[in-house]
Structure formats: structure tokens, C-alpha cells
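Accompanying notes for the structure given below.
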Amino acid sequence: MYAITTTLSHLEPPLNDLRSERSTKVDNPSSKLRLTTVGHYISNMSTDSISDFLAEQRDAAPEELQPLILNFEDYWERKLWHQLTDALVEFFNDDGSAAQRLAFYNVFILKFADKINKLKLVMLALKAATQCKDDRDRLAFLQSVVKKVDTEDSQDALVFASVAVARVKLSLGELEDAKQDLDAAEKILDSFDSVEAVVHAAFYDASANYYQRKMDFANYYRTALLYLACIDLSSLSDEERHRRAYYLSVAALVSTSIYNFGELLLHPILDTLGRSEDDAWLRDLLFAYNRGDLASYDLLSDNIASNKLLNDNSDSLRQKIYLAALTEAVFRRPPHDRTMTFATISQETKVQPQEIEHLVMKALSLGLLRGTIDQVGQIAHITWVQPKVLDMKQIESMRQRLLEWDSNVNQLGNWIEAAGHDVWAA
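Residues 1 to 426 (full-length UniProt numbering) are what the sequence shown spells out, left to right.
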């Protein structure tokens, strides 16, 4: 596995040359009210104080959310915990509730937290955590949530909360502590027969974040694709889809163990790169690698300098396209015609004749090909080539081969019929 030693401040940029992300703080006029409310009501948790709290929060809420808060009190008094939970989820999912989420969680929700679905409790807590003043405050808050759901019958919620803690630790640069949390979460996940997709999605996304920061490209690629498999792609913004497609493409190219991009090439998220004026070349480059197209690679290679990580790995990228050209040359041949001289391989891959043996040995060691090498005769006997996703050009080539095969079968049938005419007559 390729590794780069880097400082913490440069952990993300190699896969993030597309843009830099910055968060901004916006002063909220309701913040003082929220803090005052929390301080007042946590010390006085009677039923009357809950009613007063809800009334005060209703007055502070946007007009369109006030009916929901009226429902809170009704459900609370009637102990309709399921309906109350669903109403709170709806309230927390509205952007207009942001300034009030922490107060609602600390003062109201914790009052009946043991009576509601623990996974939904964590979902509400995660929404509330977005309003913590900084990552340290957020970490302490989420660690308290982990303790709240650390019970035998709420292990899915425990995983969900633990993964959220790991994400904050990643933001703080505490990578090894975050990895320990992720490993513990994975162990619990492996013990489940089934679990909500949102839990798996959170785990894979946090794991991808960790591997990205560690510059473990193969594991980042794997976990990032697993995350996408757990979600509805339409839930991501166009910008987020573009960002993830960019990261995945770069990781696939620079990884020293990924030579088959089929799953990414077939994924609709890659279409976002195709629609980009600045980054469409990256999608085209992936397809060039997939079909071992040296000419297209040469045309697109000037763009590699635009990404520092790709540029730093330009030598390994060139070897990768040579390997792709070799496997494509073998793939195009019928199974009975896969004995190739070194001279033929050199002609098709543009690799110097003296380097062909090393190239074939590399392909064999990586499992891209199976076969043997005759060093004396300078011949490669290939018996198998790794399957891969075909683009339209490759499908057309296979179609032509099938047509030729069909024609040969017909010719053989006609010859047998003509040559064996006397036998058939007898």
C-alpha cells in the first residue's frame, strides 16, 4: 500500500484539490434565549416547568413550527411517546429549529428518553449536536449520548452514537482514538443479522473519512462505495455528489491495489464529473484506463498536473496504464490465441522490449493475468484475464467476435454437411 507521511494540516487536501471547505458561524438572536432556557429548566424539571418551557420555546420558534410545539405538549401529557418522537424528528429536521434543538434535547427529550426508540433518540441528539459551540463541546455531548444508549437492547443506537463520536474525533485529529471507536462499532455490526441502513451508512462514511485522512486509498475507495450503496443518492446535493465522485476517482487511480474500476464506472455518481467543465477529464481518464487506451491517456495526461496527488504518482499511473493496455490486448484475443511474443506485447503496450518480462510478471503477481512465461523464447502463455466492465467500444468489439464465431460455426456446419453427404445418404 502506498503511503505518504504528511502533517495534520495536509491530511485532506490531496483528495480535496477540487475545493476547500470552510464552515462559517452565524450569530443567532435566539442563542441567548436558548442558553437561559436550558439553565433555568434543567434545575426545575416539574411538569409545570415543562409546560412553561414548551410555551416559551413556542413563542421563540418560527411561526410555521409553532403548531408542532403545540402537539408536543399534547403528546407529552397523553404519554403518546411514539407520536411525540415522530413530531420531534419532523421538528428537528426543519432548518428553522436549529437554534432550539439543544434546549429541546437537554430539557425536554431527556425527560422521557428511556421511553422512546433509542435509534431515534440518537438521531435527535445528532441534530442537536450541530448547535454545540465547538468540536470539544460536541464531543462531550455525544459521549454522554453514548452512555445513555449503552444497553443490551439498544446496540444499534450505540453503534450510531459511537460512530458520531468517532467523526468528531477525526475532526479534532484524534485518528487512533477514532479508529478504536470504529473498530468497536464494526465488531457490534458484525454480530447483527440486520440493522437499519442509516447505521451502516454512518459507519461506512466515518470509516471512509478515517481512511481518507490516513491516505489509505484502497480502503477509502471500498468504504466510500459501501456508503453510497446504503443511501439514496438523491439525498446528496449536487456539490456533495461531485465532491465524492472526485475523491473516489482520485483514490481509484493512485491506489496500488485497485486495477478494476468497474463498480465506480457503473455508479451514477460518476455522471456528476461528466457534467463538469473542470473535471470531466477525470471521468474520461478512468474509462481510458478501463479499456487500456494509451492514446486517450496521452491526450488526458496533461490534466494530471492539476491534482497534486495524481502528479506525485505520475510514474505509477503510467505503469498502471501499461498494465491496462496489456490486459486489454489479451482480452481482445480469443482464448485459443493468447500466446503472445514479447515483441507483440511491446508493440501493443508501447513498453520497451527489455521491460516486457517485468510487465507480464507484474500482471501475473497482481492477479490480472494467469499463465506462464518462456524466458528463453520470450513468449507469454496467457490462460486467463481478469474480467472487467465493458464500455460501448468494447461491447461492439465483442459483438464482432460473436458474429465471426457464428459465421465460422455456420461454415463448419456447411462443410460437414457437404463432406459427409454420402454418409448421410447411407
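The beta-carbon is built from N, C-alpha and C at its ideal position, and this holds for glycine as well.
| When the Cα of Phe-287 is compared with those of Arg-167, Asp-271, Thr-339, which residue comes out closest? | Asp-271
| query | Considering only residues of the same chain and omitting the five flanking positions on each side of Gln-143, which have a CB-CB separation below 8 Å? | reply | Val-165
| From Glu-152, Leu-248, Val-198, residue whose alpha carbon lies closest to that of Cys-230 | Val-198
| field | Nearest to Leu-158 (by Cα), restricted to the options Thr-130, Leu-119, Phe-91 | value | Leu-119
| For the 8 Å Cβ check, are there 3 or more pairs between the segment 167-176 and the segment 193-211? | yes
| Is it right to say Leu-403 is buried, meaning 16 or more other beta carbons lie within 10 angstroms of its own, or is it exposed? | exposed
| said: Can you look up Asp-59 in the DSSP assignment and give me helix, strand or coil? | reply: helix
| query | In whole angstroms, what is the alpha-carbon distance linking Lys-169 and Asp-232? | reply | 26 Å
| request: Give the DSSP-derived three-state secondary structure of Thr-344 in the structure shown. | output: helix
| request: Could you tell me which of Val-250, Glu-263, Ser-257 sits nearest to Trp-281, measuring between CA atoms? | output: Val-250
| request: Decide if the segment 345-358 is in contact with the segment 299-310; the criterion is three or more beta carbon pairs, one per stretch, under 8 Å apart. | output: no
| message | Let me confirm a value: Phe-91 is counted as buried when at least 16 other C-beta atoms fall within 10 Å, else exposed. Which label applies? | response | buried
| task | Might you give, ordered along the chain, the residues of its own chain that have their beta carbon closer than 7 Å to the beta carbon of Ala-113, omitting 5 neighbours on each side? | result | Leu-121, Lys-148
| Which residues DSSP lists as bridging Ile-382, in chain order | Gly-371
| said: For Leu-225, which residues in the same chain have their Cβ closer than 8 Å to its Cβ, ignoring the five residues on either side in sequence? | reply: Leu-248, Glu-263, Leu-264, His-267
| Beta carbon of Ile-50 nearer than 9 Å to that of Val-107 | yes
| task | To the nearest angstrom, report how far apart Ala-99 and Leu-310 are at their CA atoms. | result | 42 Å
| said: How far does the alpha helix (DSSP H) with Glu-263 in it extend, from its first residue to its last? | reply: 262-265
| task | Indicate the three-state DSSP secondary structure (helix, strand or coil) for Thr-339 in the structure shown. | result | strand
| request: Confirm, please, whether the CB-CB distance from Asp-279 to His-242 is below 9 Å. | output: yes
| message | Alpha carbons only, please: which of Lys-320, Arg-275, Phe-160 is nearest the one belonging to Gly-292? | response | Lys-320
| query | What's the C-alpha gap between Tyr-227 and Asn-408? | reply | 47 Å
| message | Excluding the 5 residues flanking Ser-257 on each side, which residues of the same chain have their C-beta closer than 6 Å to its C-beta? | response | Ala-218
| request: Measuring alpha carbon to alpha carbon, tell me which of Leu-294, Val-195, Ala-418 ends up nearest Tyr-322. | output: Leu-294
| Does the distance from the C-beta atom of Gln-352 to that of Leu-368 stay below 9 Å? | no
| task | Indicate whether Leu-326 and Glu-348 have their beta-carbon atoms separated by less than 9 Å. | result | yes
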